[in-house]
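Peer 1: If you count the sequence shown from 1, position 60 lands on 60 in full-length UniProt numbering, and the numbers rise without skipping. Backbone N, C-alpha and C fix where the C-beta goes; we use that ideal spot for every residue, glycine too. No experiment lies behind these values; they were computed from the predicted model shown.
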Amino acid sequence: MSEVFDDSRRLTGINLYFPATGAALETVGIAVDASLVLRWQANLAAARQALGWPAEAVVARLHAAGASLAMAAPPDQLYAATEVNEWALEAALGERLPPAARRYAPGHAAAWDPDQALPTLRAAAAAEACPRLAALLRQAAARSLPALLDDDALTLGEGTGGRTWPRPALPAVDEVDWDALAAIPVALVTGSNGKTTTTRLVAAMTAAHGWITGASSTDGVVVAGETIESGDYSGPGGARAVLRDRRVQAAVLETARGGLLRRGLAVAGVQAAIVTNISADHFGEYGIHDLDDLADTKLVVAGALAVGGVLVLNAEDPLLRARAPAGTRRLAWFALDADHPLLAAQRARHLPACGVRAGRLLLSLAGVDHDLGAVDAMPLSVQGHARYNVANITGAALLAALLGVPPATIAAVLARFGGTNTDNAGRLMRWSFGPTQAWLDYAHNPAGLEGLIAVAQAARGPDGRLALVLGQAGNREDADIRALASTAARFAPDLVVLKDIESYLRGRASGQIAAILRDELLQDGLADGAIHTCLDEVEAARVVLRWARPGDALVLPIHDAAARTAVIALLDRLAAEGWRPGRPLPGEAAA
Numbered sequence: 001m002s003e004v005f006d007d008s009r010r011l012t013g014i015n016l017y018f019p020a021t022g023a024a025l026e027t028v029g030i031a032v033d034a035s036l037v038l039r040w041q042a043n044l045a046a047a048r049q050a051l052g053w054p055a056e057a058v059v060a061r062l063h064a065a066g067a068s069l070a071m072a073a074p075p076d077q078l079y080a081a082t083e084v085n086e087w088a089l090e091a092a093l094g095e096r097l098p099p100a101a102r103r104y105a106p107g108h109a110a111a112w113d114p115d116q117a118l119p120t121l122r123a124a125a126a127a128e129a130c131p132r133l134a135a136l137l138r139q140a141a142a143r144s145l146p147a148l149l150d151d152d153a154l155t156l157g158e159g160t161g162g163r164t165w166p167r168p169a170l171p172a173v174d175e176v177d178w179d180a181l182a183a184i185p186v187a188l189v190t191g192s193n194g195k196t197t198t199t200r201l202v203a204a205m206t207a208a209h210g211w212i213t214g215a216s217s218t219d220g221v222v223v224a225g226e227t228i229e230s231g232d233y234s235g236p237g238g239a240r241a242v243l244r245d246r247r248v249q250a251a252v253l254e255t256a257r258g259g260l261l262r263r264g265l266a267v268a269g270v271q272a273a274i275v276t277n278i279s280a281d282h283f284g285e286y287g288i289h290d291l292d293d294l295a296d297t298k299l300v301v302a303g304a305l306a307v308g309g310v311l312v313l314n315a316e317d318p319l320l321r322a323r324a325p326a327g328t329r330r331l332a333w334f335a336l337d338a339d340h341p342l343l344a345a346q347r348a349r350h351l352p353a354c355g356v357r358a359g360r361l362l363l364s365l366a367g368v369d370h371d372l373g374a375v376d377a378m379p380l381s382v383q384g385h386a387r388y389n390v391a392n393i394t395g396a397a398l399l400a401a402l403l404g405v406p407p408a409t410i411a412a413v414l415a416r417f418g419g420t421n422t423d424n425a426g427r428l429m430r431w432s433f434g435p436t437q438a439w440l441d442y443a444h445n446p447a448g449l450e451g452l453i454a455v456a457q458a459a460r461g462p463d464g465r466l467a468l469v470l471g472q473a474g475n476r477e478d479a480d481i482r483a484l485a486s487t488a489a490r491f492a493p494d495l496v497v498l499k500d501i502e503s504y505l506r507g508r509a510s511g512q513i514a515a516i517l518r519d520e521l522l523q524d525g526l527a528d529g530a531i532h533t534c535l536d537e538v539e540a541a542r543v544v545l546r547w548a549r550p551g552d553a554l555v556l557p558i559h560d561a562a563a564r565t566a567v568i569a570l571l572d573r574l575a576a577e578g579w580r581p582g583r584p585l586p587g588e589a590a591a
């Protein structure tokens, strides 16, 4: 079938287009001009009138690949809303709609005949409508009470203050004990890099404060220090899993770009949110083609703040400075330099800020500066070499303080967190094999890779060489893949082992990304003999270990979850057995 759209989807919370539920789609292979948009809007208006829906937000976001077309809609009729949106576009195309793209009743509304289409859409909306659900959501909003909704259940309140009902067994409004329901302290964590580290660090701080803490991230869902779900839970599903656990007294929720664009936010009314930074990544999906688009996406979290909630931003990121939301929202700024003009202005107004001065981390709250300790002594900083982790530390300290964690507790966590590899698994993990250092991380874009290699370079021996495992996910544009290779080439590594990321091929053929990386590395001056291809991630790490000699720095960005587990287990075993470069690896005979 020749479709004129893809990614037609429900928006189940605050999103890039509007602070409401609705539907969106991406146009494919058609020219989108002002006249088409006007016809689409007129069709939406006609459908809304026929369905009895209010006249709410309609957004056409034109971009390099076409347009994102979005409409707000009632939260209990979102599947019907996707049908309305699709019909509105197809009907707007008229004769431009390819015959192969025509869809027929009873499953779909007739794009060529509104007299047939509107009854079909009315039937879909009526079948899905749930007045009891709509009434509960209205009452929760009137009480400023968070509500979490998916296909299976409705939750009112959060954590210890929450209650969940299956969708088929919803109570009437007057059957709910509203006074027993409440919100808990919740923080959202987003940005291009540092999300998982920041999430884990803030969760450690809230736990040290005595709160039973739930956290969701790209590595899973953790409650009270126990992993209850493994995998990527950095979207709405992870947030709901944490907030529906009635043990949870505070929550820290990693909020990734993909979930924001596919579904929007699962939660609103949060106490604080942070955007760590903005750097090039994930261009080409959902109409996001440049850094401004990406910044707008990340800043959606500002719309989830409760009255009095605070948005934490990186003062050293020019995009965040330029696009910081105006108006009544409260802002807090962090930076590596405590005397950055934005931080100085914050302190002068007795507003929250956090930065580094003379090697010490200073947290400013209500006009008082709290010394949180020497940055170089904080394990995550790697003696101050991991500047990106110093930024993560600074933002996390500020975010935790805004949740209500005392400065002394924050300082105590910073003094120990990162002291063992298990504190921040998969992120800047280090093993020492004599003077040889191996570093395992999740770096997946140019900024992240640059920071990782810089740390490894600073720690390697004077005669040590640099080895790197390099790969990228298949849903990146070719230009982004080449940018990653160029970043690596600037460090002139002595060995680059190119790999696939098995679980992230995303439609690419095996070896296709490695070929692009190789071509760019050669163009950037790396010798052909320094480039090796080993598509299996675990075996790629073993290639680097076999190559190593004393004093080398071995940089291992490992992305597939199973491969990462296997490589960590291998490195742990080598460390336990006192392995040194030049010796056989487990399962291999001596040469």
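Determine the DSSP secondary structure at Q271, reduced to helix, strand or coil.
Peer 2: Residue numbering aside, residue 271 sits at position 271 when the sequence shown is read from its first letter. Q271: strand per DSSP, three-state reduction.
Peer 1: I need the DSSP call for V248, collapsed to helix, strand or coil.
Peer 2: Within the sequence shown, residue 248 is the residue found at index 248, counting from 1. Coil.
Peer 1: Grab me the residues of A443's own chain with a C-beta within less than 6 Å of its C-beta, minus the 5 sequence neighbours each way, in chain order.
Peer 2: As a first step, residue 443 is located in the sequence shown; it is residue number 443 there, counting from the start. These residues qualify, in order along the chain: L449, L452 and P557.
Peer 1: Give every residue of the same chain whose Cβ lies closer than 8 Å to the Cβ of T297, excluding the five residues on either side of it in the sequence, and list them in chain order.
Peer 2: Translated into the one-based positions of the sequence shown, residue 297 becomes position 297. Same-chain partners within the cutoff: L16, R257, L260, L261 and I288.
Peer 1: Provide the residue(s) that pair with T190 in DSSP beta bridges, ordered along the chain.
Peer 2: Position 190 of the sequence shown, counted from the start, is the residue given in the question as residue 190. V275.
Peer 1: Report, in whole angstroms, the separation of the C-beta atoms of L428 and V455, which I expect to be a contact under 8 Å.
Peer 2: On the sequence shown, position 428 is the one that residue 428 refers to. On the sequence shown, position 455 is the one that residue 455 refers to. Confirmed, about 7 Å.
Peer 1: Does the region 566 to 583 come close enough to the region 484 to 491 to have 3 or more Cβ pairs within less than 8 Å?
Peer 2: Taking 8 Å as the limit for Cβ pairs, the verdict is that the region 484 to 491 does not touch the region 566 to 583.
Peer 1: Counting only the same chain and skipping the five closest in sequence on each side, list residues whose C-beta sits under 7 Å from that of M1.
Peer 2: The residue you call residue 1 lines up with position 1 of the sequence shown. Only weak support exists for where M1 lies, its pLDDT of 42 falling under 50; the coordinates are left without a value.
Peer 1: Where E254 and D115 are concerned, what is the direct C-alpha to C-alpha distance, given to the nearest angstrom?
Peer 2: As a working note, residue 254 is residue 254 in the sequence shown. As a working note, residue 115 is residue 115 in the sequence shown. Here the alpha carbon of E254 sits roughly 46 Å from the alpha carbon of D115.
Peer 1: Starting from the Cα of V58, find the closest Cα among V405, R48, A65 and G52 and give me that residue.
Peer 2: By one-based count along the sequence shown, residue 58 stands at place 58. Selected option, being the one with the closest Cα: R48.
Peer 1: Taking the alpha-carbon positions, what's the E83 to H108 distance?
Peer 2: Counted from its first residue, the sequence shown places residue 83 at position 83. Counted from its first residue, the sequence shown places residue 108 at position 108. Each residue's alpha carbon lies about 7 Å from the other.
Peer 1: For Q383, report the span of its beta strand (DSSP E) as first-last.
Peer 2: Within the sequence shown, the letter at position 383 stands for residue 383. DSSP places Q383 outside any beta strand (DSSP E), giving it a letter other than H or E.
Peer 1: Could you tell me whether the region 433 to 441 touches the region 238 to 251, where touching means 3 or more Cβ pairs closer than 8 Å?
Peer 2: Short answer: they don't touch.
Peer 1: For the alpha helix (DSSP H) containing W40, name the first residue and the last one.
Peer 2: Here residue 40 refers to the residue found at position 40 when the sequence shown is read from its first residue. Looking at the DSSP string, the run of the alpha helix (DSSP H) that includes W40 is A34 to L51.
Peer 1: How would you call R96, buried or exposed, if buried means at least 16 neighbouring beta carbons within 10 angstroms?
Peer 2: Taking the first residue of the sequence shown as position 1, residue 96 is located at position 96. Flag for R96 reads exposed.
Peer 1: Return the residue from the list L320, D317, A272 and S279 that minimises the CA-CA distance to R303.
Peer 2: Position 303 of the sequence shown holds residue 303. Here the sequence assigns Gly to residue 303, which means Arg is not the residue at that position. Answer by Cα proximity: A272.
Peer 1: For G418 and R200, what's the separation of their Cα atoms in angstroms?
Peer 2: One-based indexing of the sequence shown puts residue 418 at position 418. One-based indexing of the sequence shown puts residue 200 at position 200. Taking the straight line from one Cα to the other gives about 10 Å.
Peer 1: Is the number of C-beta pairs between the region 528 to 540 and the region 408 to 422 that are closer than 8 Å three or more?
Peer 2: By the criterion of at least three beta-carbon pairs nearer than 8 Å, the region 528 to 540 is not in contact with the region 408 to 422.
Peer 1: Please state the DSSP three-state secondary structure of M1.
Peer 2: In the sequence shown, residue 1 corresponds to position 1, counting from 1. Any reading at M1 is ruled out, since the residue's pLDDT is 42, under 50, leaving its predicted position unreliable.
Peer 1: Under a Cβ-count criterion, where at least 16 other Cβ atoms within 10 Å of its own Cβ denotes burial, should W112 be classed as buried or exposed?
Peer 2: Walking along the sequence shown from the start, residue 112 turns up at place 112. Exposed is the call here.
Peer 1: Count the other C-beta atoms from every protein chain shown that fall within 10 angstroms of the C-beta of G94, then say buried if there are 16 or more, exposed otherwise.
Peer 2: As a first step, residue 94 must be located in the sequence shown, where it is residue number 94. Answer is exposed; the Cβ neighbour count stays below 16.
Peer 1: For V173, count the other beta carbons within 10 Å of its own beta carbon; 16 or more makes it buried, fewer makes it exposed. Which is it?
Peer 2: Stepping through the sequence shown from its first residue, residue 173 is reached at position 173. By the neighbour-count rule (16 or more Cβ atoms within 10 Å), V173 is not buried but exposed.
Peer 1: Count the CB pairs spanning the region 504 to 517 and the region 399 to 413 that are closer than 8 Å, and state whether there are at least three.
Peer 2: no
Peer 1: By how many angstroms is the C-alpha of E477 removed from the C-alpha of R508?
Peer 2: To locate residue 508, count along the sequence shown from 1; it is residue 508. To locate residue 477, count along the sequence shown from 1; it is residue 477. Cα atoms of R508 and E477: separation of roughly 11 Å, rounded to the nearest angstrom.
Peer 1: Quick check on D552: buried or exposed, where buried means 16 or more other Cβ atoms within 10 Å of its Cβ?
Peer 2: Numbered from its first residue, the sequence shown carries residue 552 at position 552. It counts as buried.
Peer 1: Judging by CA-CA distance, which residue of A34, V496 and A438 is the nearest neighbour of G525?
Peer 2: As a position in the sequence shown, residue 525 is number 525, starting the count at 1. Selected option, being the one with the closest Cα: V496.
Peer 1: Report the partner residues of F433 according to the DSSP bridge assignment.
Peer 2: The sequence position of residue 433 within the sequence shown is 433, counting from 1. F433 is bridged by DSSP to T436.
Peer 1: Within its chain, find whatever has a CB closer than 7 Å to the CB of V405; leave out the 5 residues flanking it on each side and keep chain order.
Peer 2: For the purposes of this step, residue 405 is taken as the residue at position 405 of the sequence shown. Once the five neighbours on either side are set aside, the close Cβ partners of V405 are M205, T206 and H209.
Peer 1: What do you reckon, is the C-beta of A31 under 8 Å from a heavy atom of the ligand ZN?
Peer 2: Among the ligands in the structure shown, none appear at all, so the ligand ZN cannot be discussed.
Peer 1: Give every residue of the same chain whose Cβ lies closer than 6 Å to the Cβ of Y286, excluding the five residues on either side of it in the sequence, and list them in chain order.
Peer 2: Against the sequence shown, residue 286 aligns to sequence position 286. The residues are L261.
Peer 1: Around the C-beta of V310, are 16 or more other C-beta atoms found within 10 angstroms, so that it is buried, or is it exposed?
Peer 2: Counted from its first residue, the sequence shown places residue 310 at position 310. The residue is buried, with at least 16 neighbouring Cβ atoms inside 10 Å.
Peer 1: By the three-class DSSP mapping on this structure, what secondary structure does W87 have?
Peer 2: Here residue 87 refers to the residue found at position 87 when the sequence shown is read from its first residue. Reduced to three states, the DSSP call for W87 is helix.
Peer 1: The beta strand (DSSP E) with P584 in it runs from where to where?
Peer 2: Position 584 of the sequence shown, counted from the first residue, corresponds to residue 584. Here P584 belongs to no beta strand (DSSP E), and DSSP marks it neither H nor E.
Peer 1: To which residues of the same chain is D376 closer than 8 Å at the C-beta, ignoring the five residues directly before and after it?
Peer 2: Position 376 of the sequence shown, counting from 1, holds the residue named residue 376. Once the five neighbours on either side are set aside, the close Cβ partners of D376 are G359, Q383 and G384.
Peer 1: Counting only the same chain and skipping the five closest in sequence on each side, list residues whose C-beta sits under 8 Å from that of T276.
Peer 2: Translated into positions along the sequence shown, residue 276 becomes position 276. The residues are V189, T190, G191, S192, N193, G194, K195, T198, N314, A391, N392 and G395.
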